[in-house]
Amino acid sequence: MRGIFSIVGLLVVVAIIGLLVKKQLSTPVAVPSAPGTPAISANAPPQVQSQQAQQQVKQAVDSAMQARPMPEEK
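With the working numbering applied, the sequence shown covers 255 to 328.
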């Protein structure tokens with residue numbers, strides 16, 4: 255009897271994990287762009303799209319490298 259409950263419990267856990275994995279894999283991942291940066295235009299030629307993507311990455315790296323203001327100690 256104890257073995258049956260163990261197997262049923264394991265099956266329930268595997269089913270729940272399977273549903274969570276399926277949900278995670280089916281959800282499209284949206285990469286948020288940095289605020290204030292224009293989106294890459296889909297109609298533009300590949301060279302322009304590449305330049306826009308490079309500019310966005312450069313801006314993101316530059317903003318990440320900026321020093322944060324230190325909070326004032328009380």
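Beta carbons: idealized from backbone N, C-alpha and C, even for Gly. In this text, all values refer to a predicted model and were calculated from it rather than measured experimentally.
Straight-line spacing of the CA atoms in Thr281 and Gly257 works out to 36 Å. In the three-state DSSP reduction, Arg256 falls in the helix class (H, G or I).
In the three-state scheme derived from DSSP, where H, G and I count as helix and E and B as strand, Pro300 is classed as helix. Gln303 and Lys312 have their alpha carbons spaced roughly 14 Å apart.
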